[in-house]
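Count along the sequence shown from 1, add 339, and you get the number used in this note's numbering.
Written out below as structure tokens is the structure these notes cover.
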Amino acid sequence: MELCTGRLSESRALRAAADSAREGTAAVVLVQGPPGVGKTALVRQFLAGLSDFTVLDSAATPSAAPSDFDCLSRLLHRATVRVPRRSPAAEPDAPAAKRPAAVPSGPRALRELLDMSAAAPWVLFVDDAQWADSSSLKALLEAAREGGPLCLVLAARHSRGWDEEVLRALHTVAPLTHIGLAELAEAEAEALVATALGDLADDTLTRRLVLRSGGHPLYLRSLLDGHGTAQPGDRPRPALPASMVQRQLKGVPPEGVAALEALAVLGGSATVPTLSAVLGAPDCTSVLDPLAHEEFITRTDAHVPTVAIRHGVFRDALYAALPAARRRALHVAAVDAVGERQGLAHRVAATETVDVRLAAELLETASHELAEGGLLHAARTLLSSASLSPADDHRSDHLFYGAVRLLFWAGADAELARHGPAVVTRRPCPWRDEALGLAEFAAGRLTSARRLLDRAQESLRQAHPGQRAVVHTELALVHAILGQGDATRHHADQALRPAPPADEAHLYGPVGRRRGTDPAAARPASGGPADVRPPSGEVPDVCAQAPYVVVPPGLRQAARALAAYGTALRHGPGAGLDLLAGLPEDADRIGEEDLPPLTVRGILRLADAQLSSATTDLTMVTARRRPAAARLLGTSASVHLAMCQLLGGDWKRAAHEVGTALDDEQGRCFDAPALWSLRSVLDAFRGEDRAAEAALRQAQHLAQPLDFGGPQYHTAMARAMRARARGDHRGVVDALQMLAERSAHSERVRIVSMSWLPFLAESLVSCGLADLARAAMEELKSADAAPNPHLRVAEAWLHGRTAEAAGAHETALGRYTEAVALLGPGRDIPLVRGLLEISRGRASAALGRAAAATAYFDSAEDVFTRLGARPFLAECRAERRACVSERGDVPALDHLLTGREREVARLVGLGCTNREIADELTLSVKTIEYHLRSVFVKLGLRSRRELRRRVQEAGNGDGRR
């Protein structure tokens, strides 16, 4: 049986009709909806639960001229009848299938069949009833009119083919239940995903599946089936099989099918004039009406009407199901109906063999796309050009290698990984080594990528300087991801050193020609060195002088960014920031080529505890980057911006940034584990532990095939923060033990761990491992000329916890206060500050300073309430109860309410309205209402009058405390 989730109200309506039939009152149910929306699945699920009914069902089929009682005849003669077996106690048992003996067809035969088993109620189900002949429908409705224990269910796409007499009978016979099915509601679609995927279902994947399917049950189930078998690097494939496409198109007129096929070839949408031109018709509007009625397409009635296939899943499957000849013919027809650039794409799709002229045109188009900064578009165009070039021409190889390089520089790892097998089949040469290395990088195998890129750069010592600089920059990125500072800086410096001579710089455009020249200028003269073919099986010497030099834009700025990052890995973020000192601060002066160094500056400022400046830099990057443009650093800006927002207390924006980055097609293979790790931390800090666990599992699953330690660091951080949210200090220490010892992560730790060190210091002391914490921080401090402010926070917290454990509460309080002061403007971490306030409250209570302890606990509660940090709020209240004793001379308002809640309660005691309180405290009325609800709950009050009396009693009648 098909998976059917949701549709609760519709299922209840069907059961109500069955109950009516059981009681002897006939019922008619009409289930309507577009193809594949789940009509049949809904009804069959309903029928499966009717063990006490005799069920007779059949399906109508389209026919140009159906004979009278054709549908009824099939229902009587060829349908399966399920008659309930009777147990000895005369109770219905499991249904058994049988075929009725041959009976005459027509209304009388139907009546006789129904009378054969008067003891049991009947269900007659006609599927695809839109194609049923009128005489059969009238006979079935007449049977319902005569009454008795009968439930007639008709499932139809529409009722436009039924004559007026049928429609009249439908609404005048037994009570009619009309069930209109549309796409699943969002909650129902999410339930279907959860049912199908179980623990693998997460919010981002669910949203992506629901968005792509539009909530259409058939398409959503097909996507779910494909999701279960998809592997990383697999080519996209249609979610619907061809047989399902044909079933969807059943009954659609040939001219309607042709219009849908043309729309699929046009990308799923087109103006009506464009579609008419492809179909060779003056105006196809009349053809589109039935398609719109059956919800295959949507229409926009603008100045130039536009139509679109309603669901992308159906469009992809229809295109894939087209016979090759039909697809080519439609692409040829589309060439003259669309613009020049789109026409070029249709020409490529229609070409079956080598086409040197078209390949040259594509090369020229790639040059323009690259000049406009569209690396991803240029890469795809170069791939098309390579596919149309002669296979035995090494220029085809170089076009392909250039495309692979641009995919890498565009950050499109998922797309690049799919081309890895094609790289292997190419002729051996240094460019092949580079392409293989980039494909290995995209697949997460950085050790292999480094080896191949090293081999490529060794072979390219005599190549064009721009080419060498590209490979050195790629190697610098590999070493940076591996956390190897010296090697990163070395290759970045090599990339910056060999600039092309001034008189040759203009020769090397994006694809190796002067801009504005004809395609012939892209290659050496015939008979020159580049035309020399190598003997079979040998490495071509001409590969060092490739006929097409693809140098991505922004090369020098990317190398500069990596030089700064490598320096920071080795000598700390301050040293790296010094190399970026000339980078503008003003957004208006930042160009697209400045985005890589701006990203690195934001990352290093985050590492240097400059949260506010880091957030500004990274926000500029995410706002300025364009789709398809250069993205050498993938979604690093989003990863670190979300980290800034998480640390800075803007958790809602952090969650949004994570979700947006996960949907970005231009991301590195290691970005997703980091993003899922951040998602886990956000969920844990908000008290959503199950969601945090699911996100962590997803991060670990994505990190598992990667052969380097960076993603494991992020997942360890997520494990630690989830443990901290549960109050499990041993779990924090176990997860972040790598921070307490020198390891392969030590240089990376210097960049990414400073903001998390306070949590580690707190947990180490709580576990009695203060010496280990001191040793780890001393090692990190020794690498930096100027200690990081967050490292100093961790150190002060560590000394405070150590003093507190030794009973030196005054010293502990001083250290905690020092740590809070270090979390000044621009580098504040509210969650850490709230935990420090708890520590201050605990130390003050131990010193007998109840009022001060209350104030510190109040401050902590305010912080955690604003953040929505439920686990930490509960921890704070538990600490308060343990530290601040109940004393008769301390009013209950002092230790039950936070500082803000006491302010609100005091103003209520003075008779202020919510609006007046909001104006007084510079807050919104909604915030005041939130605080009042909390006050009522904590004090056990039910009205404003009770609160006013309570406040006045606490303040000796003057409204003060």
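The beta carbon of each residue, even a glycine, is placed where N, CA and C say it ideally should be.
Name the DSSP bridge partner or partners of residue i?
i       : result
Leu-519 : Correcting the residue identity first, residue 519 is Gly in this sequence and not Leu. DSSP, once it has assigned bridges, lists Gln-371 as partnering Gly-519.
Val-646 : Ala-609, Arg-638
Ala-483 : Partner(s): none; Ala-483 has no beta bridge.
Can you give me the Cβ contacts of residue i inside the same chain, cut-off strictly under 6 Å, excluding the 5 residues immediately before and after it?
i        : result
Ala-841  : Caution applies to Ala-841, whose pLDDT of 39 falls short of 50 and renders its modelled position unreliable; the value that the coordinates give is listed next. So no residue of the chain qualifies.
Val-1229 : Because Val-1229 carries a pLDDT of 41, less than 50, the predicted location of this residue cannot be relied on, and no value is offered for it.
Phe-739  : Ala-725
Please report the straight-line C-alpha distance between residue i and residue j, rounded to a whole angstrom.
i        : j        : result
Leu-1175 : Glu-1240 : 21 Å
Leu-347  : Leu-386  : 15 Å
Ala-1155 : Thr-1204 : One detail in the question is off: residue 1155 reads as Tyr in this sequence, not Ala. Cα-Cα distance, rounded: 21 Å.
Gly-1165 : Val-1276 : 36 Å
Ala-365  : Arg-1025 : 54 Å
His-416  : Leu-449  : 11 Å
Ala-898  : Gly-905  : 10 Å
Arg-1209 : Thr-1193 : 19 Å
Leu-588  : Ala-656  : 12 Å
Ala-352  : Thr-690  : 54 Å
Val-881  : Leu-777  : Reliability fails at Val-881, whose pLDDT of 34 lies under 50, so the model's placement of it is uncertain and the value that follows must be treated cautiously. Taking the straight line joining both Cα atoms gives about 21 Å.
Ser-723  : Thr-786  : 30 Å
Val-817  : Gln-1043 : 18 Å
Ala-756  : Val-939  : 25 Å
Leu-792  : Glu-773  : 5 Å
Pro-767  : Trp-1136 : 58 Å
Lys-991  : Leu-509  : 53 Å
Under DSSP, the alpha helix (DSSP H) around residue i begins and ends at which residues?
i        : result
Arg-940  : 934-946
Cys-1215 : 1209-1222
Phe-385  : 378-387
Arg-413  : 409-416
Pro-1012 : 1010-1024
Trp-770  : 769-781
Thr-1156 : 1148-1161
Glu-700  : 695-710
Gln-585  : 581-587
Glu-1032 : 1028-1042
Asp-358  : 347-361
What three-state label does DSSP hand residue i in the structure shown?
i        : result
Leu-491  : strand
Phe-1047 : coil
Asp-396  : strand
Val-1276 : helix
Phe-747  : helix
Ile-820  : helix
Ile-636  : strand
Thr-1252 : coil
Arg-1288 : helix
Ser-735  : helix
Thr-1237 : coil
Ala-920  : coil
Ala-802  : coil
Ala-1062 : helix
Ala-366  : strand
Phe-653  : helix
Ala-730  : coil
Gly-987  : helix
Ser-1102 : helix
Asp-432  : Low local confidence applies: a pLDDT of 48 at Asp-432 is under 50, so the model's placement there is unreliable, and no value is given.
Leu-1310 : One cannot answer for residue 1310 here, as it falls past the ends of the chain, which runs 340 to 1300.
Arg-499  : coil
Phe-929  : Before going further, note that residue 929 is Ile rather than Phe in the sequence given. Here Ile-929 sits in coil by DSSP.
Thr-1266 : helix
Ser-320  : In the structure as shown, the chain starts at 340 and stops at 1300, and residue 320 therefore has no counterpart that could be examined.
Thr-958  : helix
Near residue i, which residues of its chain fall below 7 Å by C-beta distance, leaving aside the five closest residues on each side in sequence?
i       : result
Arg-686 : Val-674, Leu-697
Would the C-beta of residue i count as close to the ligand ATP, meaning under 7 Å from any of its heavy atoms?
i       : result
Ser-975 : The ligand ATP is not among the ligands present in this structure, which contains no ligands whatsoever.
Mind checking which residues open and close the beta strand (DSSP E) that includes residue i?
i       : result
Val-461 : Rather than Val, the amino acid found at residue 461 in this sequence is Trp. Counting along the chain, the beta strand (DSSP E) containing Trp-461 begins and ends at 461-466.
Can you give me the Cβ contacts of residue i inside the same chain, cut-off strictly under 8 Å, excluding the 5 residues immediately before and after it?
i       : result
Thr-645 : Ser-608, Ala-609, Thr-610, Val-611, Arg-638, Thr-639
Gly-619 : Ala-672
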